[in-house]
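Listed in order, the protein sequences are those of chains A and B.
Everything in the first sequence is counted per our numbering, starting at 31 for the first residue and increasing by one.
Everything in the second sequence is counted per our numbering, starting at 23 for the first residue and increasing by one.
Ideal Cβ placement from N, Cα and C applies to all residues, glycine included.
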Amino acid sequence: MSVKELKKIILVEDEEDIRIIAQIALEDIGGFSVHYCSSGQEAIQDIETVLPDLILLDLMMPMMDGVATLRKIRQKKEMQIIPAIFLTAKTMGDRDNFINEPGVIGVIHKPFEPTTLSDDIRKLWNKHNETN
Amino acid sequence: MKQTNIFGKLAALKKAYTENLPIKISQIESLAIELNAQWNLERLIELHRLVHNLHGSAGTYGFNQLSEQAEELEKLLKNFLEETPPEPQKQKMQELIVKLKDIENIESINGAKISTESKKSALRNNQIFVLFKDKGIMASISSQLKTFSYDVTEGSSIEELAILTKEKWPRVVIVDFNFLNPEGVKKINEIKQKNKDLQTFAIFVVGPKGNFSERIIALRASGDAYFTLPLPMNEILEKIESIEGEDEVYTILIVEDEPDLAEYYATIINAAGMKAYVITHANQIDQALVELKPDLILMDIYMPDCNGLELAMLIRQQKIYESLPIVFLSSENDKNKQLEALSLGGDDFLLKNIEPDHLILALKNKAKRYKNLRSIITKDGLTGVYNHTSIQQILIAEIKRAGRIQMPLSVAMVDLDLFKRINDNYGHLMGDQVLKHFCLLLRKRLRDSDFIGRYGGEEFLIILPNTPLKSAKMVINELREKFSQTPFSSGDTVFHTTFSAGVSSYPDYQTAMELLKAADEALYKAKQEGSNRVC
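This is how it looks when you write it as structure tokens:
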């Protein structure tokens, strides 16, 4: 069974320091093509033109958090199949409900290790594709 | 994967982040002061957000302690969001913020680990699962492992192992023999099979009798080691370390002026699991040798400012680099010229159009043999730390480096207390165990950039680069506490032991001799004042 390749990621992250280092981690090390949004609203505007393979978003953002953003995105039918991964601080706890949001295939904890971020994302991606 | 550019980019990012860090911290500080003056929800939410961001970014940029401290503060603030805290809690918040500031100062000076360096520790999986029926035994094993900075997860069945492995992947699983019935073994193999792409974990079996039939069962369950109760923690820890040691990473220094070619070789070498660093000018060689401590040099023979043969001879002039493998790269097809290169100090001669696989083979074995050879020459056989001669040489080199980069350096002279008594009461073998264990603890707790050497029988010298006196004393004192709590078992007896230490710093003292003398005097003072302390 061939696994669909992960090429394009949309990253929704309000903190600039995290965003720049994620850029290196995902583009230079991981070889992905990445589109950046610094807020939930931006992501909602851009997603239809970007049409990524994966949505990577920060859980805690001012004004519109990760869950609300994802729900708004999912309102469009074509956006319902795109898998999503949450970036979240360890303090959020794994039992919180965001993990049950539709299409969420995993969680990456902050602080993350830039040199292994892409590997961790690929692992979640492969796992998700195997079970489908 | 453009590894060479990535390290540069990450380093530049880290520098910028470090420079902005004090501003972030004072933002948090001011907001907290405002909050204390007038408590309102908006300010609290903003403060929580700032601290949350700090927790996330600090860790990613290598400020691990700062990240942990921010995490603690974040948890506290999260609780505040649910209900307004009483005064003592607000006090706690202030305390945590002061701590945050202190840690930021220390970590900034120490040069928090660049994420490129910590890749090595990321490769080293620290997760250990302990599966036992008896909760008491399980707790005892866990706490001892945690002393050595391992992450421990406990479980009480193989089924639980299956659930746990969905979230975390262990390096070692220490399992109760009682769980190795046929279903249990089957389940373990299933778990390994399902996660083929991950590095397989080692299984340590702990059984009651240690007889032949038990051990065969353990072997068939793919057990990598077998231990009987009472658990010899020292042996277990050594075994864990030896498993980790199998993932040795070799460092290759590439001397090549043509950037595309350099990048090409670096990419191949990195892809083969080795670390490649590039210098484009021969005059960078001294710094590269000291900073990177390569296991092999890959060098282009024809370079504009210096020809490779001369450079090789220059390197070989220094005694410590006499056996460092130097592999030449060239388009030179003339056999005579190749032989000349080899006679002048090269170890091998490769053509530039070499197949990547061939290149890797040529390099890997040489680097491995050199690394092993160097280990034998520079390390102490029993404990694996540097021997007396080597640690002194390292000290001299590191002082030079500290002067060059304008950073403080600390030195700790550590002496185990009443060590003779341990040998007398429990035998020399036990004494050796204590020494080994002590060094294991040091290696686990100290950074990759710190150096440990055996200075005398039970005397050790620790070199802490980029560390001011106050931080060094803190670190050594922490180690002193942890060591004093470590139980050693000899037959039925359990005993504890301690050490005393004296610390001195550069630039307070400028030469190796002065530093050693000062640390020694401080150690003497520690012993005079009652031992088990740091002066």
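Contact list for Leu32 of chain B against chain A, beta-carbon separation under 8 Å
Ile51, Ile54, Pro144, listed in chain order.
What does the Cβ neighbour count give for Trp61 of chain B, buried or exposed, with the cut at 16 atoms within 10 Å?
By the neighbour-count criterion, in which 16 or more other beta carbons inside 10 Å mark a residue as buried, Trp61 of chain B falls on the exposed side.
Are the Cβ atoms of Lys157 of chain B and Ala184 of chain B separated by less than 9 Å?
Contact flag unset, no.
Say whether chain B places a C-beta atom closer than 9 Å to the C-beta of Ile248 of chain A.
The first residue shown for chain A is 31 and the last is 162, placing residue 248 of chain A beyond what the model contains.
What residues match up with Gly177 of chain B in a beta bridge as DSSP calls it?
Looking at the DSSP assignment, Gly177 of chain B forms a beta bridge with B:Leu153.
On the DSSP bridge list, what partners appear for Lys297 of chain B?
The partner list for Lys297 of chain B (beta bridge, DSSP) reads B:Thr273.
Cβ-based burial, Ser48 of chain B [other Cβ within 10 Å; buried from 16]:
Looking at its Cβ environment, which holds fewer than 16 other Cβ atoms inside 10 Å, Ser48 of chain B is exposed.
Measure from the alpha carbon of Val300 of chain B to the alpha carbon of each residue in B:Ala294, B:Ala293, B:Leu314, then state which is nearest.
Per the Cα distances, B:Leu314.
Out of B:Lys297, B:Met296, B:Ile276, which has the shortest C-alpha to C-alpha gap to Gln306 of chain B?
If we check each option's Cα against that of Gln306 of chain B, B:Ile276 comes out closest.
Just to confirm, are Leu95 of chain B and Leu66 of chain B a CB contact at a threshold of 9 Å?
For Leu95 of chain B and Leu66 of chain B, no; Cβs fall outside 9 Å.
Beta-carbon proximity of Val197 of chain B to Leu153 of chain B, cut-off 9 Å
Taking C-beta atoms as the reference points, Val197 of chain B and Leu153 of chain B count as a pair closer than 9 Å.
Can you have a look at Asp472 of chain B and say buried or exposed, based on whether 16 or more other CB atoms are within 10 angstroms of its CB?
Asp472 of chain B should be labelled buried.
Closer than 9 Å, CB to CB, is Thr82 of chain B near chain A or not?
True, the Cβ-Cβ gap to chain A drops below 9 Å.
Identity of the residue in A:Ile85, A:Tyr66, A:Asn159 nearest Arg49 of chain A by Cα
Answer by Cα proximity: A:Tyr66.
Rounded to a whole number of angstroms, what is the C-alpha to C-alpha distance between Leu351 of chain B and Lys341 of chain B?
Going by the C-alpha atoms only, they are around 24 Å apart.
Considering only residues of the same chain and omitting the five flanking positions on each side of Ile115 of chain A, which have a CB-CB separation below 8 Å?
These residues qualify, in order along the chain: Leu84, Ile85, Leu86, Leu87, Val134, Ile135, Gly136, Val137, Ile138, Ile151, Leu154.
What does the alpha-carbon distance come out to for the pair Val525 of chain B and Val497 of chain B?
One C-alpha to the other measures close to 11 Å.
Put Phe521 of chain B into one of helix, strand or coil per three-state DSSP.
DSSP places Phe521 of chain B in strand when its eight states are reduced to three.
C-beta neighbour in chain B for Thr161 of chain A, strict 9 Å:
For Thr161 of chain A, the answer is no, since every Cβ of chain B falls outside 9 Å of its Cβ.
Rounded straight-line distance, which links the Cα of Leu381 of chain B to that of Gly61 of chain A
Going by the C-alpha atoms only, they are around 25 Å apart.
Identify each residue in the segment 54-83 of chain B for which the Cβ-Cβ distance to at least one residue of chain A is less than 8 Å, and report them in chain order.
Of all residues in the segment 54-83 of chain B, Arg71, His74, Asn75, His77, Gly78, Ser79, Ala80, Gly81, Thr82, Tyr83 have a Cβ within less than 8 Å of some Cβ in chain A.
May I ask which residues mark the beginning and end of the beta strand (DSSP E) holding Glu481 of chain B?
First-last of the beta strand (DSSP E) with Glu481 of chain B: 481-487.
For Asp279 of chain B, does the three-state DSSP call read helix, strand or coil?
If DSSP states are grouped into helix, strand and coil, Asp279 of chain B belongs with coil.
Between Phe505 of chain B and Phe521 of chain B, how many whole angstroms is the CB-CB distance? I'm expecting something under 8 Å.
Contact flag correct, Cβ pair sits at about 6 Å.
Assess, as a yes-or-no matter, whether the segment 286-298 of chain B is touched by the segment 233-251 of chain B under the definition of 3 or more beta carbon pairs within less than 8 Å.
Touching, no, given that fewer than three Cβ pairs across the two stretches are closer than 8 Å.
So is Tyr477 of chain B buried or exposed if we call it buried at 16+ other beta carbons inside 10 Å?
So Tyr477 of chain B ends up on the buried side.
Could you tell me which of B:Ala80, B:Tyr272, B:Leu311 sits nearest to Leu296 of chain B, measuring between CA atoms?
Before going on, a small fix: residue 296 of chain B reads as Met here, not Leu. For the residues B:Ala80, B:Tyr272, B:Leu311, the minimum Cα distance to Met296 of chain B belongs to B:Tyr272.
Can you tell me whether Tyr324 of chain B is buried or exposed? The criterion is at least 16 other CB atoms within 10 Å of its CB, across all chains shown.
Label assigned to Tyr324 of chain B: exposed.
Please classify His65 of chain A: does DSSP put it in a helix, a strand, or coil?
His65 of chain A sits in a strand when the DSSP states are folded into three classes.
Output the distance between the C-alpha atoms of Ile55 of chain B and Pro252 of chain B, rounded to the nearest integer angstrom.
Inter-residue distance for Ile55 of chain B and Pro252 of chain B is about 54 Å (C-alpha atoms, whole angstroms).
Assumed close pair Val97 of chain A, Ala73 of chain A - CB separation to whole angstroms, cut-off 8 Å:
The pair is not a contact, with the Cβ atoms about 13 Å apart (cut-off 8 Å).
Go to Thr161 of chain A, then tell me how far its alpha helix (DSSP H) extends in each direction, as first and last residue.
Per DSSP, Thr161 of chain A is one residue of the alpha helix (DSSP H) stretching across 147-161.
Checking 9 Å against the spacing of the C-beta atoms, do Gly403 of chain B and Phe441 of chain B come in under that value?
Contact flag unset, no.
From the DSSP secondary-structure annotation, give me the bridge partner or partners of Tyr408 of chain B.
Its beta-bridge partners are B:Lys401, B:Gly475.
So, is the C-beta of Leu35 of chain B closer than 9 Å to a C-beta in chain A?
Taking Cβ atoms only, chain A reaches closer than 9 Å to Leu35 of chain B, which makes this a yes.
What is the rounded straight-line gap between the Cα of Ser235 of chain B and the Cα of Pro254 of chain B?
Approximately 21 Å between the Cα atoms of the pair.
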